[in-house]
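A.B. asks:
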Amino acid sequence: MARVTVEDCLKNVRNRFELVHVAVKRTKQILKGSRPLIDAKNKPPVLALREIAEGFVKPVDTDIDSSSEGQGGDGTSISD
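Under my numbering, the residues of the sequence shown are numbered 3 to 82, in order.
1. Comparing C-alpha positions only, which one of I54, K60, K30 sits nearest to V8?
2. Quick check on A42: buried or exposed, where buried means 16 or more other Cβ atoms within 10 Å of its Cβ?
3. With a threshold of 8 Å on Cβ separation, who are the neighbours of I2 within its own chain once the five nearest residues in sequence on each side are excluded?
4. Mapping the DSSP letters down to three states, classify K60 as helix, strand or coil.
5. Please state whether DSSP places I40 in a helix, a strand or coil.
6. In whole angstroms, what separates the C-alpha of D10 from that of R18?
7. According to DSSP, which residues form a beta bridge with I80?
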């Protein structure tokens, strides 16, 4: 499987800082037992970056109620 790059991820987030924020939050979700959205045998941080690069995980504005359906509850949105 090809390496995931920052450039791949930046297509789905506004900047590198937001990328780090979303990737950390998604990594924590995976470590706490959330199922990965892609089939890959990678460590959680790489899985999170792959999910972002493929558009499965997107940032959500912090002023949006996190109890909305489809949100990770911590600022990430998981798309179907």
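Ideal Cβ positions, reconstructed from N, Cα and C, are used throughout, including at glycine. Computed from a prediction, not measured in an experiment: that's the story for all the values here.
C.D. replies: Concretely, from the data shown:
1. The option with the nearest alpha carbon to V8 is I54.
2. The residue in question, A42, is exposed, as its Cβ has fewer than 16 Cβ neighbours within 10 Å.
3. The requested residue 2 does not occur in the structure, where the chain is confined to residues 3 to 82.
4. The answer is strand: DSSP assigns K60 an E or B state.
5. In the structure shown, the three-state DSSP call for I40 is coil.
6. A straight-line Cα-Cα distance of about 11 Å links D10 and R18.
7. Answer is V59.
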